[in-house]
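Okay, so here's the structure we're looking at.
2 protein chains.
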Amino acid sequence: MDVTKFAIPEIIFGRGSLNYAGQCALRLGARKVFLVSDSGIEKAGWVQRLMDILKKEGIEWVYYPGVSSNPRDFQVEQGARFYRENGADVIIAIGGGSSMDTAKGVAIIASNGGRIRDYEGANRVNRPLPPMVLITTTAGSGSDISQFCIITDVERAVKMSIITRTLVPNISIVDPLILETKSETLIIQSAVDALAHAIEAYISTISSEFTCMHSLKAIDLILRYLPRAVETRSMDFLEKLSIASTAASMAFSNASLGAEHALAHSLGGHFDMRHGVIHPILLTAVMRFNLDHAETKMAEIGRVVLDRTVGSPRETALAGIDRLDAFFASFDVPQRLRQVIDEGDRQYLEQICRMAVNDACNLTNPRPASWQEFLQICEEVW
Amino acid sequence: MDVTKFAIPEIIFGRGSLNYAGQCALRLGARKVFLVSDSGIEKAGWVQRLMDILKKEGIEWVYYPGVSSNPRDFQVEQGARFYRENGADVIIAIGGGSSMDTAKGVAIIASNGGRIRDYEGANRVNRPLPPMVLITTTAGSGSDISQFCIITDVERAVKMSIITRTLVPNISIVDPLILETKSETLIIQSAVDALAHAIEAYISTISSEFTCMHSLKAIDLILRYLPRAVETRSMDFLEKLSIASTAASMAFSNASLGAEHALAHSLGGHFDMRHGVIHPILLTAVMRFNLDHAETKMAEIGRVVLDRTVGSPRETALAGIDRLDAFFASFDVPQRLRQVIDEGDRQYLEQICRMAVNDACNLTNPRPASWQEFLQICEEVW
Numbered sequence: 051m052d053v054t055k056f057a058i059p060e061i062i063f064g065r066g067s068l069n070y071a072g073q074c075a076l077r078l079g080a081r082k083v084f085l086v087s088d089s090g091i092e093k094a095g096w097v098q099r100l101m102d103i104l105k106k107e108g109i110e111w112v113y114y115p116g117v118s119s120n121p122r123d124f125q126v127e128q129g130a131r132f133y134r135e136n137g138a139d140v141i142i143a144i145g146g147g148s149s150m151d152t153a154k155g156v157a158i159i160a161s162n163g164g165r166i167r168d169y170e171g172a173n174r175v176n177r178p179l180p181p182m183v184l185i186t187t188t189a190g191s192g193s194d195i196s197q198f199c200i201i202t203d204v205e206r207a208v209k210m211s212i213i214t215r216t217l218v219p220n221i222s223i224v225d226p227l228i229l230e231t232k233s234e235t236l237i238i239q240s241a242v243d244a245l246a247h248a249i250e251a252y253i254s255t256i257s258s259e260f261t262c263m264h265s266l267k268a269i270d271l272i273l274r275y276l277p278r279a280v281e282t283r284s285m286d287f288l289e290k291l292s293i294a295s296t297a298a299s300m301a302f303s304n305a306s307l308g309a310e311h312a313l314a315h316s317l318g319g320h321f322d323m324r325h326g327v328i329h330p331i332l333l334t335a336v337m338r339f340n341l342d343h344a345e346t347k348m349a350e351i352g353r354v355v356l357d358r359t360v361g362s363p364r365e366t367a368l369a370g371i372d373r374l375d376a377f378f379a380s381f382d383v384p385q386r387l388r389q390v391i392d393e394g395d396r397q398y399l400e401q402i403c404r405m406a407v408n409d410a411c412n413l414t415n416p417r418p419a420s421w422q423e424f425l426q427i428c429e430e431v432w
Numbered sequence: 051m052d053v054t055k056f057a058i059p060e061i062i063f064g065r066g067s068l069n070y071a072g073q074c075a076l077r078l079g080a081r082k083v084f085l086v087s088d089s090g091i092e093k094a095g096w097v098q099r100l101m102d103i104l105k106k107e108g109i110e111w112v113y114y115p116g117v118s119s120n121p122r123d124f125q126v127e128q129g130a131r132f133y134r135e136n137g138a139d140v141i142i143a144i145g146g147g148s149s150m151d152t153a154k155g156v157a158i159i160a161s162n163g164g165r166i167r168d169y170e171g172a173n174r175v176n177r178p179l180p181p182m183v184l185i186t187t188t189a190g191s192g193s194d195i196s197q198f199c200i201i202t203d204v205e206r207a208v209k210m211s212i213i214t215r216t217l218v219p220n221i222s223i224v225d226p227l228i229l230e231t232k233s234e235t236l237i238i239q240s241a242v243d244a245l246a247h248a249i250e251a252y253i254s255t256i257s258s259e260f261t262c263m264h265s266l267k268a269i270d271l272i273l274r275y276l277p278r279a280v281e282t283r284s285m286d287f288l289e290k291l292s293i294a295s296t297a298a299s300m301a302f303s304n305a306s307l308g309a310e311h312a313l314a315h316s317l318g319g320h321f322d323m324r325h326g327v328i329h330p331i332l333l334t335a336v337m338r339f340n341l342d343h344a345e346t347k348m349a350e351i352g353r354v355v356l357d358r359t360v361g362s363p364r365e366t367a368l369a370g371i372d373r374l375d376a377f378f379a380s381f382d383v384p385q386r387l388r389q390v391i392d393e394g395d396r397q398y399l400e401q402i403c404r405m406a407v408n409d410a411c412n413l414t415n416p417r418p419a420s421w422q423e424f425l426q427i428c429e430e431v432w
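Keeping their order, the protein sequence lines are chains E and P.
Position one of the first sequence corresponds to residue 51 (the numbering used here), numbered consecutively onward.
Position one of the second sequence corresponds to residue 51 (the numbering used here), numbered consecutively onward.
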């Protein structure tokens, strides 16, 4: 094995783990916390709950509510000014990928200066970031575990991937109780995002045995428990999705992703669509595209998805991909691009595919993908 | 799941990863490194190699060679004085469990003061430790990953378990190339130590899905590759043992251990025997002792050990334990206590078993064990 790195935050996992947030902040030396969240989490009562926990520990905070779905460059730059003006010293975010990525973007600018676009790509952040505690409210984005931060460059209408080890937060708090206030749609979209993370990390050209075992664990748990979690809303099954998402995040943070995420970022940046919407449309098409370049690994994915093998490795791989199509269909989510993009906007696909080629995630795809091939995938799933 | 914590260092794994040691030290702010190793590693040339790497990065160091097998309290206290006198700021250890545990003990005293025995047990270290880079030269002890530090209290002739999250080093470097200079005996003893870590962590009362997946991975790899690694000394198989040990360490650091390690520490403290010698003697006896209290999990261990199930869960569990006995026998290592302890010393077993009950590892054993039960286990394997 070539030299490989495996870095994750300290993880505090379990029902009620949110209660540790104050102690975590204190442990990181917090005097004034920069608290990031969004209106949905506020409405669900979790921001107030977190403020009460901080208060109990005698910790001051300033609250930055400037989070939108698909966070924008100007929002994190504004947040960084707010961070500095208020003399904050530790960042806590509670929310989904958008809140946590906003927090990470603020952390980069607050300590490194400049514009967020200066840091696009891999390993371009030099100075250490403020300590971060990230509290995920979904079981999907993995931003609380990962060294990834996705911010939209408004001018270019593209989601930038910023990837660096210093973006791994100090502490990740994963409290499955928070999932109880989530909609069915969000639970499905988050789980499918985690599934895409697990699968793309597994076949990534820089995967390792350390990342692969987490990928397979996540794939198995999501196939097994997502239907039951959606149907029953039982905490036991929701917790399994949290475990799956955490495992998938450990995998993709260290193995990176592939062509599917590259294309998803590019589409998401252009159309401002929710990230979780796109995977049931693209994932299996990209898996078929990759099959010849990752047959053995795809067969292993197939074995886990099907819980058995079917003839040759190639047959198992293909049966696994078919099973995933059926799995997505069982949730009544869009599986064609035309369901989420207007016919009139189809003309932008070429430009979007040209952008996707340059996304950092595309570098670790097992089969190099040109913009023409991306376009062909888009046409296949139109 | 109750609230569970999962903390590991940043891991740099792979052939040649030793070369990153200097950059790691710089990243942690090193001006003067406190370098810890032992005479065996020195003789094999690894200390000089590491010094060359530090030199290349322009890093100064002081070398502390005061490491013995089963490090003693006075040695780490002496090391801490040496650390302070020399104004060191980052600790690097290269070696097996003894070198790395010496480094950890020095780190505790250098920053927290007092005597090392003040910190025996769980969570008794309050102040942060100096940054640490630990480079393991064996595939077994797991000290480079874990929050454990085992130091012998000379006066009481007992190995103290010191367990706290701050003992997780900042960076762990695992370079399988270093295993090439190891003896067959050491490779076997280290792998069996890792196997005991994986099994005891798996059935620990505070295991979690995060630790369990690492335990099973480690058990599978060791059963599959230890014989081939010993027979061929091929780097491919030695690397598998490094992966197994790293995975087992991620498991036991976060799930703790059990009665077998409690007894092994107590025996090791009294007789100053190598830790790896004791597991083929005790492990399966303690597994049989625990069976009724962890049948489902033992069946899962059996399934991995045998690579199949055999009748009922209990039958699979028992067949797995028998298979482990045969596995140890295949390496021509002692499997009876009388092979490593003189008949004249048998009288000390009662005292040793009374000590074992108080070891922190005994707290997480699935079946509470009294000193009389420990003694009965010792008699069974005499």
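Where a beta carbon is used, it is the ideal one built from N, C-alpha and C, also for glycine.
Considering only residues of the same chain and omitting the five flanking positions on each side of residue 355 (chain E), which have a CB-CB separation below 7 Å? If you number the first sequence from 1, residue 355 (chain E) lands on position 305. Excluding positions up to five away in sequence, the list reads 269, 273, 370, 373 and 374.
With 16 other Cβ atoms within 10 Å as the buried cut-off, status of residue 108 (chain E): Taking the first residue of the first sequence as position 1, residue 108 (chain E) is located at position 58. Result: exposed.
Simplified DSSP assignment, three categories, for residue 381 (chain P): By 1-based counting over the second sequence, the position of residue 381 (chain P) is 331. Here residue 381 (chain P) sits in coil by DSSP.
Does chain P have any CB closer than 7 Å to the CB of residue 63 (chain E)? Here residue 63 (chain E) is taken as the residue at index 13 of the first sequence, counted from 1. By this cut-off, residue 63 (chain E) is an interface position.
In chain A, which residues lie with their C-beta within 9 Å of the C-beta of residue 53 (chain P)? Among the protein chains of the structure shown, namely E and P, there is no chain A.
To which residues of the same chain is residue 54 (chain P) closer than 6 Å at the C-beta, ignoring the five residues directly before and after it? For this step, residue 54 (chain P) is matched to residue 4 along the second sequence. Same-chain partners within the cutoff: 258.
Let me check you understand the geometry: is the CB of residue 299 (chain E) closer than 6 Å to at least one non-hydrogen atom of the ligand NAD? Although the ligand NAD was asked about, the structure shown includes no ligands whatsoever.
Reference residue 293 (chain E); option with closest CA among E:427, E:312, E:223 and E:347: On the first sequence, residue 293 (chain E) is found 243 positions in, with the first residue counted as 1. Selected option, being the one with the closest Cα: E:223.
At 3 residues or longer, and completely inside the region 161-199 of chain P: list those beta strand (DSSP E) runs for me, N to C. For the region 161-199 of chain P, whole beta strand (DSSP E) runs of length 3 or above, ordered along the chain, are 182-186.
Starting from the C-beta of residue 149 (chain P), find all residues in its chain whose C-beta is less than 6 Å away, skip the five residues before and the five after it, and write them out in chain order. On the second sequence, position 99 is the one that residue 149 (chain P) refers to. So the qualifying residues of the chain are 86, 87, 88, 117 and 143.
Does the Cβ of residue 121 (chain P) have 16 or more other Cβ atoms within 10 Å, making it buried, or fewer, making it exposed? Within the second sequence, numbered from 1, the residue matching residue 121 (chain P) stands at position 71. Buried is the call here.
Can you tell which of P:344, P:206 and P:90 has the C-alpha that lies nearest to the C-alpha of residue 418 (chain P)? By one-based count along the second sequence, residue 418 (chain P) stands at place 368. Of the candidates P:344, P:206 and P:90, the one whose C-alpha sits nearest the C-alpha of residue 418 (chain P) is P:344.
Take residue 221 (chain P) and list the residues in its own chain whose beta-carbon comes closer than 7 Å to its own, dropping the five residues that flank it on each side. Here residue 221 (chain P) is taken as the residue at index 171 of the second sequence, counted from 1. Correct list, in chain order: 59, 60, 62, 74 and 183.
Residue 267 (chain E) versus residue 165 (chain E) - alpha carbon distance: Numbered from its first residue, the first sequence carries residue 267 (chain E) at position 217. Numbered from its first residue, the first sequence carries residue 165 (chain E) at position 115. Roughly 38 Å between the two C-alpha positions.
Checking contacts by CB at 7 Å: is residue 263 (chain E) closer than that to chain P? The sequence position of residue 263 (chain E) within the first sequence is 213, counting from 1. It does; some Cβ of chain P falls within 7 Å.
Run through DSSP, which three-state label would residue 111 (chain E) get? Within the first sequence, the letter at position 61 stands for residue 111 (chain E). Reduced to three states, the DSSP call for residue 111 (chain E) is strand.
Proximal residues to residue 209 (chain P) (C-beta, below 6 Å), its chain only, five neighbours per side dropped: Along the second sequence, read from residue 1 onward, the residue named residue 209 (chain P) stands at position 159. Excluding residues within five positions, the ones whose Cβ falls inside 6 Å are 200, 202, 315, 318 and 319.
Using the beta-carbon of each residue, which ones in chain E are nearer than 7 Å to residue 56 (chain P)? Indexing the second sequence from 1 puts residue 56 (chain P) at position 6. Neighbours of residue 56 (chain P) on chain E, chain order: 61 and 63.
If we require 4 or more residues per run, which alpha helix (DSSP H) segments fall completely within the region 231-275 of chain P? 234-253
Under 7 Å Cβ-Cβ, which residues of chain E neighbour residue 267 (chain P)? Position 217 of the second sequence, counted from the first residue, corresponds to residue 267 (chain P). Those within 7 Å of residue 267 (chain P) in chain E are 263.
Specify whether the region 302-316 of chain E and the region 402-409 of chain E touch according to this definition: at least 3 beta carbon pairs, one from each stretch, less than 8 Å apart. yes
Pairwise C-alpha distance: residue 289 (chain P) and residue 238 (chain P): Locating residue 238 (chain P) in the second sequence gives position 188, where the first residue counts as 1. Locating residue 289 (chain P) in the second sequence gives position 239, where the first residue counts as 1. Rounded to whole angstroms, residue 238 (chain P) and residue 289 (chain P) show a C-alpha spacing of 14 Å.
Contacts that residue 256 (chain P) makes with chain E (C-beta to C-beta distance below 7 Å): Reading the second sequence from its first residue, position 206 is the one you call residue 256 (chain P). The premise fails here: residue 256 (chain P) is roughly 11 Å from chain E at the closest Cβ pair, so nothing lies under 7 Å.
Would you say residue 293 (chain P) faces chain E, with C-beta separation under 7 Å as the test? Along the second sequence, read from residue 1 onward, the residue named residue 293 (chain P) stands at position 243. Closer than 7 Å: yes.
Per-residue DSSP class, three states only, for residue 143 (chain E): Taking the first residue of the first sequence as 1, we reach residue 143 (chain E) at position 93. Residue 143 (chain E) falls in the strand class under three-state DSSP.
By how many angstroms is the C-alpha of residue 353 (chain P) removed from the C-alpha of residue 362 (chain P)? Residue 362 (chain P) sits at position 312 when you count from the first residue of the second sequence. Residue 353 (chain P) sits at position 303 when you count from the first residue of the second sequence. If I take the Cα positions, the gap works out to 11 Å.
Under 7 Å from the C-beta of residue 289 (chain P): neighbouring residues of chain E: Your numbering for residue 289 (chain P) matches position 239 in the second sequence. In chain order: 51.
Identify which residue in E:56, E:278 and E:331 has its Cα closest to the Cα of residue 195 (chain E). One-based indexing of the first sequence puts residue 195 (chain E) at position 145. Looking from the CA of residue 195 (chain E), the closest CA among E:56, E:278 and E:331 belongs to E:56.
From which residue to which residue does the beta strand (DSSP E) around residue 62 (chain P) run? Position 12 of the second sequence, counted from the first residue, corresponds to residue 62 (chain P). Looking at the DSSP string, the run of the beta strand (DSSP E) that includes residue 62 (chain P) is 60-63.
Excluding the 5 residues preceding and the 5 following residue 337 (chain E) in the sequence, name in chain order all residues of the same chain whose CB lies nearer than 6 Å to its CB. The sequence position of residue 337 (chain E) within the first sequence is 287, counting from 1. For residue 337 (chain E), where only same-chain residues beyond five positions count, the Cβ hits under 6 Å are 371.
With a floor of 4 residues, list each alpha helix (DSSP H) that falls wholly inside the region 280-358 of chain P, ordered by position along the chain. 285-305, 309-321, 325-340 and 345-356
Strictly below 7 Å CB to CB, what residues from chain E border residue 259 (chain P)? Walking along the second sequence from the start, residue 259 (chain P) turns up at place 209. Chain E residues near residue 259 (chain P): 293.
Under the rule that 16 or more other beta-carbon atoms within 10 Å means buried, what is residue 414 (chain E), buried or exposed? Here the question's residue 414 (chain E) lines up with position 364 in the first sequence. Buried: at least 16 other Cβ atoms inside 10 Å.
How far does the beta strand (DSSP E) with residue 86 (chain P) in it reach, from first residue to last? Taking the second sequence and counting its residues from 1, the one referred to as residue 86 (chain P) is at position 36. Its beta strand (DSSP E) spans residues 82-86.
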